[in-house]
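Residue numbers (our numbering), protein chains in the order written: chain A, 827 to 1057; chain B, 827 to 1057.
Since the structure comes first, as structure tokens, the remarks are kept for the end.
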């Protein structure tokens, strides 16, 4: 499907038909998701495709039984965790060597990434780094974040959101509907998919074929001129 | 362009050709951006299309003069601010009346949204709400966030990221390249586009026609099987 048609066809659908999604359709959506740009290519995201009937029932509960979750053919939990830099970075270090990337790129993955993502000492170190940035920033432009675990989670959540958008558009492009849900019990969802620590639940995505009364009305956006500003 | 071709063609490009982007191409990308799903349709995002040569030069400085910013034909600053609920919500209240939406939807915009987004008393109220959720959560699923300004900013940043992804894919679908930049001085960028308070800079997007050596190597992702889990 044409890109703009896929964007226009996508609505948040809250009631799905009782019809399965072929596995190949879901797999193509996951492939599109992981092609999303992401911070330093650390891919600090995970996609839990919840297939077991028991876990699905638990997830519907954790989503406060909202109709999108109840009627979905498939449910996907997307999580983000800055600690996952340790999964991708060794692969990136091998990769930049293998393709003989420029030296600054090699240094970036060897030195800069570990320095940025190590947040074991989060609070005191983060405070010191933030103070140093504030002082240096009086004279010249400096990055103001990330200095704390919450900052790093924010970066990871942002990257995961990009992947989520690719995912829902990829389903739209194949004729399927989705609903991005943020109304859930994060603690219960984490336990259900088996993540903990610094991991965050970005969203739960419900997917299926659009059902009758899938939306409560037409699409609405405030005028583009109110949000796009030429400066 | 086909959706999946647009996704596959997108790479983070760090050197652009000295070639302008037609205004209509940019406008179509902004239209796609605002069609992204977003939290409660509060559209807590702003897109600053930086056109003045003085502001552009300032933005390149604030992006630490990275090559993607220096060589970009166009630069767009995307911000997110939970306080913007007050811009969209009155329009949503009129809209749900006009289309005669179901009562729970009308209540959602009349009562639930103001209660969720009013964070003037952020810290003490947030703490009390979080405590109440923890207690209630012992017995049943409850939403764990948002209770604080930072939580609300996280929601707003997540929604803005979805719009950013639509934006870069829309340029890709029209044959143009982009680079999402997170390396910038947030304080200086906020001052430059004229936002303050609870507003956050989500990213600065560089756009243009891909130049020679726009990337330092081929695209790399860790194996999909490592990030997509069937549970």
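Beta carbons are placed, not taken as given, at the ideal position from N, Cα and C, and that holds for glycine.
(request) Specify, as a first and last residue, the run of the alpha helix (DSSP H) that residue 929(A) falls within. (result) Looking at the DSSP string, the run of the alpha helix (DSSP H) that includes residue 929(A) is 929 to 933.
(request) Tell me, please, whether the CB atom of residue 888(B) is closer than 8 Å to any CB atom in chain A? (result) Cβ-Cβ to chain A under 8 Å: yes for residue 888(B).
(message) Using a Cβ-Cβ distance cut-off of 8 Å, determine whether residue 911(B) contacts chain A.
(response) For residue 911(B), the answer is no, since every Cβ of chain A falls outside 8 Å of its Cβ.
(message) Below 7 Å on C-beta distance, what does residue 1012(B) contact in chain A?
(response) The contacting residues are 970, 971.
(request) Closer than 7 Å by C-beta to residue 962(A): which residues in its own chain qualify, once you throw out the five before and the five after it? Chain order, please. (result) 968.
(message) Counting only Cβ pairs nearer than 7 Å, list the residues of chain A close to residue 933(B).
(response) Neighbourhood of residue 933(B) in chain A, by CB distance below 7 Å: empty, with the nearest CB roughly 12 Å away.
(request) Pick helix, strand or coil for residue 1008(A), following the three-state DSSP scheme. (result) Assignment of residue 1008(A) by DSSP, reduced to helix, strand and coil, places it in the coil class.
(request) Could you name the residues that DSSP lists as bridge partners for residue 1019(B)? (result) Residue pairing by DSSP leaves residue 1019(B) without any beta bridge partner.
(message) Tell me the rounded alpha-carbon separation between residue 947(B) and residue 916(B).
(response) Any reading at residue 947(B) must be qualified, since the residue scores a pLDDT of 47, below 50, and its modelled position is unreliable; no value is offered.
(request) Under 9 Å between beta-carbons, which chain B residues line up against residue 983(A)? List them in chain order, please. (result) By Cβ distance, chain B contributes 980, 983, 984, 987.
(message) Does the beta-carbon of residue 882(B), which I'm using as the reference point, lie nearer than 7 Å to any heavy atom of the ligand GDP?
(response) By its list of ligands, the structure shown contains no ligand whatsoever, and the ligand GDP lies outside what it can speak to.
(request) Would you kindly report the start and end of the unbroken beta strand (DSSP E) that includes residue 873(B)? (result) Where residue 873(B) is concerned, the enclosing beta strand (DSSP E) stretches over 871 to 876.
(message) Less than 7 Å between C-beta atoms, sequence neighbours within five positions excluded: which residues of the same chain meet that for residue 1011(B)?
(response) Closer than 7 Å at Cβ, skipping near neighbours: 888.
(request) Report the option in 982(A), 965(A), 842(A) whose CA atom is closest to the CA atom of residue 907(A). (result) Closest option to residue 907(A), Cα to Cα, is 982(A).
(message) Helix, strand or coil for residue 827(B)? Go by DSSP, reduced to three states.
(response) Look at residue 827(B) here: in three-state DSSP terms it is coil, with no helix or strand label.
(message) Can you pull out the residues from the region 866 to 877 of chain B whose beta carbon lies closer than 8 Å to at least one beta carbon of chain D?
(response) In the structure shown, chain D does not exist; the protein chains are A and B.
(message) Taking the beta carbon of residue 938(A) as the centre, do at least 16 other beta carbons fall within 10 Å, making it buried, or is it exposed?
(response) Counting other Cβ atoms within 10 Å of its Cβ, residue 938(A) stays below 16 and is therefore classed as exposed.
(request) Under 7 Å between beta-carbons, which chain B residues line up against residue 1043(A)? List them in chain order, please. (result) 925, 927, listed in chain order.
(request) Verify the CB distance criterion: does residue 829(A) have a CB-CB separation below 8 Å to chain B? (result) So yes, residue 829(A) belongs to the interface.
(request) Ignore the nearest five residues each way along the sequence and tell me which others in residue 959(A)'s own chain have a CB closer than 8 Å to its CB. (result) Counting only residues of its own chain and dropping the five nearest sequence neighbours on each side, residue 959(A) has a CB closer than 8 Å to the CB of 968, 969, 970, 973.
(request) Locate the alpha helix (DSSP H) running through residue 1056(A), then write down its first and last residues. (result) DSSP places residue 1056(A) in no alpha helix (DSSP H) but in the uninterrupted beta strand (DSSP E) bounded by 1054 to 1056.
(message) If you reduce the DSSP assignment to three classes, tell me which class residue 957(A) lands in.
(response) If DSSP states are grouped into helix, strand and coil, residue 957(A) belongs with the helices.
(message) Just checking: is the beta-carbon of residue 863(B) within a distance shorter than 8 Å of some beta-carbon in chain A?
(response) It does; some Cβ of chain A falls within 8 Å.
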